[in-house]
């Protein structure tokens, strides 16, 4: 008898599941405000072409993590979210995400997905996040100012010495015009645009697995000297010292800056909001040659235990199609599928090709405490960059940051 | 006095029943207020205390660790540094507020032409929220597009734009100036009310006895304003110890983390590092400190014996 009931229950469950899958379902998805340009477009396109639907919420950048944590605790978390990729390891470590290893590996194009995203999406050999949107750091220069300063407007700087001399020549134009800009009090901006200078020269700030801070290197010191010398020669506006990122893009967009490290996002933003600025895009160079880039953007992660997994997979599959990748590219994200990136970008501004190439070779540091180490406005990285660019005690600042970063890494919960 | 005697004498049974019913009705009247205090103060306070005994990450399971968080606080040098900076800031800003507010109060206390205009003018910044005021000043202090530095540069007072927020001293004193601008008007109103409650005849009697203005201020005004001063002082000290908005919005705790206040550190631990349990423990420590400080101030400014 009991057996029979169990069988009936099982049958009912199977039937119920079957019916549920047939009817249209709606999955809730969150994205941070950085994605507010492309995300609604791709969700609209998906909803039009499918019976299953996606409901999108856009959350302010600074609030998405606490809000997600609170709603996960209250059982009202979205089914999936597009998450700043550097947070994937810590979310996975907290046991908050669904393991999607098998599904991910079954995708025919899995091997051509952005390697930097997949690396941060992997925790203890399991995949918890897949690439969704991408942004790579590049160097941009103002062609009009280059021309006025007697430089070749079509040739961006290709090593550190050229950055310094070009910036100095532009700066010599005088008035409001300055040679170089960076946000000197913004950890997130500088991990994005300053560390590639170090990587391109063969150094690094964290060990491969994120277990050791490796700040004290000749490459880091060299890159610091480059920035310090430009600050000393007054090539950088005074506001850079206290810029916590608010002017990261706006300073160059105003048209008075010769050279600025920036990101692929700037291409779309300049083209649409500042069509008058004539600019070039090149790689962030190494000391003498070579280049590197920070591969940033969002990983797509699934909340553990969600019942809408099929919808989420269907949506992600759509985003990876040529149509999806083209929509993303058109509205401000780089394609994340290497094999069709060229095709998705072929009708767009050719400067995107540089950024896409930078993305493909881009690097992302791996750490479960990335926020505490790097992004936090009061973390050791932010404090160090401000001290070494503008302060008097470079050695002390590096030593202090090295020690604090290592102690944060060592105190991180080991799971 | 008479009401106390009535209550003390044994009442007849019926009267007692009425009294007890009246007590119940009284309880009913205060019930909404009590409910508010319970729901929005006592329960959250209890939850904070409970959370402070746990390792409570934003995501994932929390676990009971007893006094572990409090032991960690003892070794948390950055919290003690933040607390030291908060104390330094509290002392400086409280003195600065009183130095500005007291003369203002003396100035606007007596009716004279345009008094109401002055009162309104001085009080105006107090109605602006701290966050909005911080945003306003953050623009005023901006070196490239703000007011102070560009104006001084354009007027030829300085030959290079000076970034006020880049080093500790100018940044710290800029914040002090902003807080004084914002709070002094409010303190002025409190002090003015205290000044106006001093009977005029006392002052006149003192004048007849030949007391000079300074002697009158020291012997009459100050002692009679004890309670007003206590109120203004406690408000200022409690507000300064909980300072956060201005340092977060204008300075981000900088330059180089030198202006991290205690509340800022709690915020960072809770909502940047997501250690909610540890943040709760820090909050409990700060609460104890604040209550202790307020008790000390009340005791220092208590009503002297024999004075009504």
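Residue numbers (the numbering used here), protein chains in the order written: chain A, 14 to 428; chain B, 4 to 311. Where a beta carbon is used, it is the ideal one built from N, C-alpha and C, also for glycine. The structure presented is a predicted model; accordingly, all values stated were derived computationally and were not measured.
Any beta carbon from chain B within less than 8 Å of residue i's own beta carbon?
i, result
"residue 79 of chain A", "yes"
"residue 396 of chain A", "yes"
"residue 400 of chain A", "yes"
"residue 109 of chain A", "yes"
"residue 47 of chain A", "no"
"residue 385 of chain A", "yes"
"residue 273 of chain A", "no"
"residue 185 of chain A", "no"
Could you check the C-alpha separation between residue i and residue j for me, to the nearest Å?
i, j, result
"residue 162 of chain B", "residue 189 of chain A", "14 Å"
"residue 264 of chain B", "residue 134 of chain A", "36 Å"
"residue 178 of chain A", "residue 159 of chain B", "30 Å"
"residue 62 of chain B", "residue 231 of chain A", "39 Å"
"residue 207 of chain A", "residue 37 of chain B", "56 Å"
"residue 228 of chain A", "residue 275 of chain B", "23 Å"
"residue 415 of chain A", "residue 175 of chain B", "27 Å"
"residue 85 of chain B", "residue 369 of chain A", "44 Å"
"residue 299 of chain A", "residue 371 of chain A", "13 Å"
"residue 342 of chain A", "residue 264 of chain A", "24 Å"
"residue 191 of chain A", "residue 182 of chain A", "10 Å"
"residue 170 of chain A", "residue 270 of chain A", "14 Å"
"residue 91 of chain A", "residue 338 of chain A", "23 Å"
"residue 186 of chain A", "residue 92 of chain B", "44 Å"
"residue 215 of chain A", "residue 233 of chain A", "10 Å"
"residue 364 of chain A", "residue 130 of chain A", "22 Å"
"residue 34 of chain A", "residue 55 of chain B", "With a pLDDT of 45 at residue 34 of chain A, under the threshold of 50, the modelled position of that residue is not reliable, and the figure given next carries that caveat. Answer to the nearest angstrom: the Cα atoms are 44 Å apart."
"residue 132 of chain A", "residue 199 of chain A", "25 Å"
"residue 155 of chain A", "residue 123 of chain B", "50 Å"
"residue 65 of chain A", "residue 38 of chain A", "5 Å"
"residue 294 of chain B", "residue 61 of chain A", "60 Å"
"residue 223 of chain A", "residue 48 of chain B", "38 Å"
"residue 306 of chain A", "residue 401 of chain A", "22 Å"
"residue 299 of chain B", "residue 81 of chain A", "42 Å"
"residue 246 of chain A", "residue 159 of chain A", "18 Å"
"residue 287 of chain A", "residue 276 of chain A", "16 Å"
With a cut-off of 8 Å, does the C-beta of residue i fall near any C-beta of chain A?
i, result
"residue 169 of chain B", "yes"
"residue 79 of chain B", "no"
"residue 3 of chain B", "The shown model of chain B, from 4 to 311, leaves out residue 3 of chain B, and the question about it has no answer."
"residue 82 of chain B", "no"
"residue 276 of chain B", "yes"
"residue 304 of chain B", "no"
"residue 35 of chain B", "no"
"residue 147 of chain B", "yes"
"residue 166 of chain B", "yes"
"residue 62 of chain B", "yes"
"residue 263 of chain B", "yes"
The beta strand (DSSP E) with residue i in it runs from where to where?
i, result
"residue 68 of chain A", "66-72"
"residue 287 of chain A", "Premise fails: residue 287 of chain A is in no beta strand (DSSP E) and is neither H nor E."
"residue 155 of chain A", "142-155"
"residue 45 of chain A", "39-45"
"residue 192 of chain A", "191-193"
How would you write the range of the alpha helix (DSSP H) that residue i sits in, first residue to last?
i, result
"residue 185 of chain B", "171-199"
"residue 245 of chain A", "231-245"
"residue 74 of chain B", "71-78"
"residue 133 of chain B", "133-143"
"residue 118 of chain A", "114-119"
"residue 209 of chain A", "208-213"
"residue 59 of chain B", "Element bounds for residue 59 of chain B: n/a, residue is neither H nor E."
"residue 253 of chain A", "Where residue 253 of chain A is concerned, there is no enclosing alpha helix (DSSP H), given that its DSSP letter is neither H nor E."
"residue 216 of chain B", "216-219"
Let me know the alpha helix (DSSP H) ranges lying completely inside the region 18-57 of chain B, each 4 residues or longer, listed in chain order.
The region 18-57 of chain B contains these whole alpha helix (DSSP H) runs: 46-54.
Does the structure place the region 258-269 of chain B close enough to the region 217-226 of chain B that three or more beta carbon pairs sit under 8 Å?
Using a Cβ-Cβ distance cut-off of 8 Å, the region 217-226 of chain B and the region 258-269 of chain B are not in contact, since fewer than three pairs of beta carbons, one from each stretch, lie closer than that value.
Scan the region 157-189 of chain A and note each continuous alpha helix (DSSP H) run of 4 residues or more that stays entirely inside, going in chain order.
Unbroken alpha helix (DSSP H) stretches of 4 residues or longer found wholly inside the region 157-189 of chain A: 173-184, given in chain order.
Within the region 386-419 of chain A, ranges of the alpha helix (DSSP H) (whole runs, at least 4 residues):
Within the region 386-419 of chain A, the complete alpha helix (DSSP H) runs of at least 4 residues are 393-403.
Could I get the ranges of all uninterrupted alpha helix (DSSP H) runs contained in the region 272-336 of chain A, with 4 residues as the minimum, in chain order?
Correct list: 278-286 and 322-333.
Is the number of C-beta pairs between the region 108-115 of chain A and the region 232-247 of chain A that are closer than 8 Å three or more?
The region 108-115 of chain A vs the region 232-247 of chain A: no contact.
Taking contact to mean at least 3 C-beta pairs separated by less than 8 Å, is the region 250-264 of chain A in contact with the region 144-153 of chain B?
Touching, per the Cβ criterion.
Is the region 407-424 of chain A touching the region 370-387 of chain A, taking contact as three or more C-beta pairs under 8 Å?
The region 407-424 of chain A makes contact with the region 370-387 of chain A, as at least three CB pairs between them are under 8 Å.
Three CB pairs or more closer than 8 Å across the region 114-121 of chain B and the region 191-202 of chain B
The count of Cβ pairs closer than 8 Å, one atom from the region 114-121 of chain B and one from the region 191-202 of chain B, stays below three, leaving the stretches out of contact.
Taking one C-beta from the region 233-244 of chain B and one from the region 347-354 of chain A each time, how about it: are there three or more such pairs within less than 8 Å?
With a cut-off of 8 Å, the region 347-354 of chain A and the region 233-244 of chain B do not count as touching, because too few Cβ pairs lie within range.
So within the region 87-115 of chain A, which uninterrupted alpha helix (DSSP H) runs reach at least 4 residues, ignoring any that extend past its ends?
Correct list: 101-106.
Meets three-Cβ-pair contact criterion under 8 Å: the region 72-87 of chain A and the region 287-297 of chain A:
With a cut-off of 8 Å, the region 287-297 of chain A and the region 72-87 of chain A do not count as touching, because too few Cβ pairs lie within range.
With contact counted as at least three CB pairs below 8 Å, one residue from each stretch, are the region 161-168 of chain A and the region 122-129 of chain A in contact?
No, the region 161-168 of chain A is not in contact with the region 122-129 of chain A.
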